[in-house]
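Peer 1:
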Amino acid sequence: MAGNIKDKEAFQRLNFLYQAAHCVLAQNPENTELARFYCFTQKTIAKRLVLRQDPSVKRTMCKKCCALLIPGVTATFRQRKGFRKQRATVIRCLSCGQTKKFLNNPKHQLWVDQPEAQLENQLQP
């Protein structure tokens, strides 16, 4: 079942663009515009082909300016007390100032990581 993934070439292209953006910033942190272009192209391809990206990939990209969020290079990561004294990680993009908040709840599990989200488990009789 895993062999015949729809739009396999598109997912490979998205993976290549994501890795290229990381490599560009790793070699020279001044190349934020080129990395942003790669991320913007990745986001455009995913939208055009209606492909869902993994939440871990989406969490490392700024929604406003499509910059790759790397701690200390293009973003700042801070631990803050949030609503009802719950700790949260606040990620701030250094390019546009957009912020993201993620609660630090060890019991929280993304829907994608839950067993009922796996299609292979549901199809087996």
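Residue numbers (numbering that gives the first Met the number 0): 0 to 124. Yeah, the Cβ is synthetic: ideal placement off N, Cα and C, and Gly gets one too.
Does the beta-carbon of Met-0 have 16 or more other beta-carbons within 10 angstroms, so that it is buried, or is it exposed?
Peer 2: The sequence position of residue 0 within the sequence shown is 1, counting from 1. Residue confidence is low: Met-0 scores 41 on pLDDT, short of 50, so the model does not pin down where it sits. No coordinate-derived value is stated.
Peer 1: Whole angstroms are fine: how far does the CA of Arg-83 sit from the CA of Cys-65?
Peer 2: What you label residue 65 is simply residue 66 of the sequence shown in a count that begins at 1. What you label residue 83 is simply residue 84 of the sequence shown in a count that begins at 1. Taking the straight line joining both Cα atoms gives about 31 Å.
Peer 1: Please classify Gln-95 as buried or exposed, where buried requires at least 16 other C-beta atoms within 10 Å of its C-beta.
Peer 2: For the purposes of this step, residue 95 is taken as the residue at position 96 of the sequence shown. According to the sequence displayed, residue 95 carries Cys and not Gln. By the neighbour-count rule (16 or more Cβ atoms within 10 Å), Cys-95 is not buried but exposed.
Peer 1: Express the C-alpha separation of Asp-112 and Pro-54 in angstroms, rounding to a whole number.
Peer 2: The residue given as residue 54 occupies position 55 in the sequence shown. The residue given as residue 112 occupies position 113 in the sequence shown. Rounded to the nearest angstrom, the two C-alpha atoms are 10 Å apart.
Peer 1: Can you check which of these residues, Ala-87, His-107, Gln-108, Pro-105, is closest to Thr-98 by C-alpha distance?
Peer 2: Sequence index remark: in the sequence shown, residue 98 carries index 99 (1-based). Out of Ala-87, His-107, Gln-108, Pro-105, Ala-87 has the C-alpha closest to the C-alpha of Thr-98.
Peer 1: Is the number of C-beta pairs between the region 10-17 and the region 41-58 that are closer than 8 Å three or more?
Peer 2: Contact holds: three or more Cβ-Cβ distances are below 8 Å.
Peer 1: Is the separation between the beta-carbon of Ala-20 and that of Ala-34 shorter than 8 Å?
Peer 2: The count along the sequence shown starts at 1 and reaches residue 20 at position 21. The count along the sequence shown starts at 1 and reaches residue 34 at position 35. The answer is yes: Cβ separation under 8 Å.
Peer 1: Three-state secondary structure (DSSP) at Leu-122?
Peer 2: As a working mapping, residue 122 is identified with position 123 in the sequence shown. Confidence is the limiting factor: at Leu-122 the pLDDT is only 49, short of 50, which leaves the residue's position unreliable and the question unanswerable from this model.
Peer 1: Taking Ala-74 and Leu-93 to be in contact with their CB atoms under 8 Å, please state how far apart those CB atoms are, rounded to whole angstroms.
Peer 2: Position 75 of the sequence shown, counting from 1, holds the residue named residue 74. Position 94 of the sequence shown, counting from 1, holds the residue named residue 93. With a Cβ gap of about 6 Å, Ala-74 and Leu-93 count as contacting.
Peer 1: Who are the near neighbours of Leu-50 in its chain, counting only those whose CB is closer than 8 Å to its CB and skipping five residues on each side?
Peer 2: By one-based count along the sequence shown, residue 50 stands at place 51. Asp-6, Ala-9, Phe-10, Leu-13, Ile-44, listed in sequence order.
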